[in-house]
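Student: Dropping a structure here in structure tokens format, bear with me for questions.
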Amino acid sequence: MNFLEKLFGKKEVVEETPVKINLNFSETDAWFESETTGFLDSINQATKNSFEQIESILKELNNNLKNLEKAKPEEIIDTRAKKFSLDNRIAFIRKTHAFTNKINFPDAKDTMHVLEFYKALIKNTAGLLAETQKNIYFVNMLFAKETTEITSNLKAIGSIAHESQKVLQKDKNKIELISTTRETIQETKELIRAQKNENENLKQDESILKKLRNEEKGIKQELNELNDGRESAQLKQLLEQLKILDTRAGRIKGNVLQMFSPLTKALKKYGRYGIGLDKEGLTTLALYIEFPFRAVLIDKKLKTLDKILENTKDLIDKGKIDLKDKQKQKTITQIENLKNHSELNNFLDEYEKTRKLIEEIENKIKDSGLNKKIDSAKQKLKDIENQMENKKQAIHKLENNLRSIDQNISYKIKELEIALTKISNKDVSIEVGS
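Here it is, written out as structure tokens:
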């Protein structure tokens, strides 16, 4: 510590705090352009100046090539050496023209292409000078002034390209950062547009789902009213009566089947003979064996049954239908019972009355139309539930998309804050809002 520091104290170094910039994202694009335009314009202008210098030298080079082509040798040398020098002049001019014809200037604003242009120009200029070194040596013997002017032009082009490249390379990182930041701003704009669209779609789907829920509620209420109303009570009563009648019809059918059950074996054996029956009778016999109740319904006045019973008993008596004693006696007894018709007819009469009652009740149920209304309401409810499920899935997908978009926007905003802070040397923060 020196004397002055002891006397006055060491001077405190105060670090400058970066200027704080708060931006809404909608302002970012314009602010970014205002912060970078001056810098980029100076870079572009420097590049344009460089291009103009190179173009000017290229014009001078082309003029010098024409001068070389027209030049007459002043020195007197032997014919062989003169021819050799003139041949090398032709080769040198041709190669130099090929070099200049390949020079295509890029857009001065496209920094990456400009750098590639400088790199290629430096390489090609050096390559041309190296490749034509022998040509230059021999041409220089007769045309020293013109040759020197041309090589000076080529070296000047390489030198300008080299110096311009160095200047541009120094700012390359910042230029690249500006370029990527511009792309990031555009990407963020697209994400925000997508976010807005998805939010609108979500609101629309949520509104539709709300309407569907109201419709669902209305149909459920309608179903409750249909199920609990007076018409429903009457229908339930009819259905209960129908159930009782169906049970009665089933019982009658069971009683008839029980009457024919003891004859099954004998009738099957009789069926092998088919004695005393025509074709229609044989068909009816088959029904009596497999479906007795159906047979008695179609056998008018049981005439075919009487023939079957008579013929079966006759064959049993003659021993052609062989049955065990106990089975034989039981079969003959049941044949006699059935011949009487009275019990069977009673069952059939009762069944016919029951069937008519069932038909009447079924017609009443059909006429009421309540079942149709209930079925229609249930179908509507099912359709709405399907629509609701589809809409819920669509909403879930939209919500997932929005979460992903929100995350991407947050990431891009953070990226922009870091980039803009580096570019501007200011503490930049960005809010996304309306």
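Each residue of the sequence shown is one higher than the one before, starting from 5 at the first, in my numbering.
Positions of the beta carbon are idealized from the N, C-alpha and C atoms, including for glycine.
I413 and E421: beta carbons closer than 8 Å?
Tutor: Result no, Cβ atoms of I413 and E421 do not sit closer than 8 Å.
Student: Which residues does DSSP list as the beta-bridge partners of S433?
Tutor: Beta-bridge pairing links S433 to N26.
Student: In chain order, which alpha helix (DSSP H) runs of at least 4 residues are fully inside the region 389–429?
Tutor: Taking only runs of at least 4 residues, no alpha helix (DSSP H) segment lies wholly in the region 389–429.
Student: Give me the Cα-Cα distance between S265 and E294, rounded to the nearest whole angstrom.
Tutor: Spanning the two alpha carbons is a distance of roughly 10 Å.
Student: Rounded to whole angstroms, how far is the Cβ of L406 from the Cβ of E202, which I believe are closer than 8 Å?
Tutor: 5 Å between Cβ atoms; contact.
Student: Decide if Y355 is buried, meaning its Cβ has at least 16 other Cβ atoms within 10 Å, or exposed.
Tutor: Counting Cβ neighbours within 10 Å, Y355 comes out buried, since at least 16 surround it.
Student: Is the CB of D353 under 8 Å away from at least one CB in chain C?
Tutor: In the displayed structure, chain C is absent; only one protein chain is listed.
Student: Comparing C-alpha positions only, which one of K305, T308, S54, K272 sits nearest to K324?
Tutor: Checking every option, the nearest Cα to that of K324 belongs to K272.
Student: Note the first and the last residue of the continuous alpha helix (DSSP H) segment covering D175.
Tutor: Here D175 belongs to no alpha helix (DSSP H), and DSSP marks it neither H nor E.
Student: Using a Cβ-Cβ cutoff of less than 7 Å, which residues in the same chain neighbour N67 once the five nearest sequence positions on both sides are dropped?
Tutor: Same-chain partners within the cutoff: there are none.
Student: With distances taken between CB atoms, is the gap from L289 to I320 smaller than 8 Å?
Tutor: No. Outside cutoff.
Student: Sorted by chain position, which residues of the same chain lie with C-beta nearer than 6 Å to F109's C-beta, five sequence neighbours on each side aside?
Tutor: Cβ within range, chain order: F55.
Student: According to DSSP, is F109 part of a helix, a strand, or is it coil?
Tutor: Coil, per DSSP.
Student: Using only the alpha-carbon positions, how far apart do V436 and V118 sit?
Tutor: So the two alpha carbons sit approximately 36 Å from each other.
Student: Going by the beta-carbon positions, is the gap between L230 and I369 smaller than 8 Å?
Tutor: Result no, Cβ atoms of L230 and I369 do not sit closer than 8 Å.
Student: Return the CA-CA distance between K10 and L424, expressed in angstroms with no decimal places.
Tutor: Low local confidence applies: a pLDDT of 46 at K10 is under 50, so the model's placement there is unreliable, with the coordinate-based value given in what follows. The straight-line gap from Cα to Cα measures roughly 44 Å.
Student: Taking only the alpha-carbon atoms, compute the straight-line gap between T40 and A165 and give it to the nearest angstrom.
Tutor: Whole-angstrom Cα-Cα distance: 25 Å.
Student: Answer yes if the region 385–400 comes into contact with the region 212–227, meaning at least three C-beta pairs across the two stretches below 8 Å, and no otherwise.
Tutor: The region 212–227 vs the region 385–400: in contact.
Student: Around the C-beta of R84, are 16 or more other C-beta atoms found within 10 angstroms, so that it is buried, or is it exposed?
Tutor: That one is exposed.
Student: How would you call G278, buried or exposed, if buried means at least 16 neighbouring beta carbons within 10 angstroms?
Tutor: By the neighbour-count rule (16 or more Cβ atoms within 10 Å), G278 is not buried but exposed.
Student: In chain order, what residues of the same chain have a beta carbon less than 6 Å from the beta carbon of K246, not counting five sequence neighbours either side?
Tutor: Just to set this straight, residue 246 is Leu in the shown sequence, not Lys. The residues are I365.
Student: Taking the alpha-carbon positions, what's the K357 to D209 distance?
Tutor: K357 and D209: Cα-Cα distance of roughly 59 Å.
Student: Helix, strand or coil: which one does DSSP assign to M116?
Tutor: In the structure shown, M116 sits in a helix (DSSP, three-state: H, G or I).
Student: Helix, strand or coil, according to DSSP, for I196 in the structure here?
Tutor: I196 falls in the helix class under three-state DSSP.
Student: How would you call K416, buried or exposed, if buried means at least 16 neighbouring beta carbons within 10 angstroms?
Tutor: The residue in question, K416, is buried, as its Cβ has 16 or more Cβ neighbours within 10 Å.
Student: Is it the case that the region 149–159 contacts the region 127–134, given that we only count it when at least three CB pairs across the two stretches are under 8 Å?
Tutor: With a cut-off of 8 Å, the region 149–159 and the region 127–134 count as touching, because enough Cβ pairs lie within range.
Student: Could you check which residue in D318, S211, E347, N375 has the C-alpha nearest to that of L239?
Tutor: Checked all of D318, S211, E347, N375; the closest Cα to L239 is N375.
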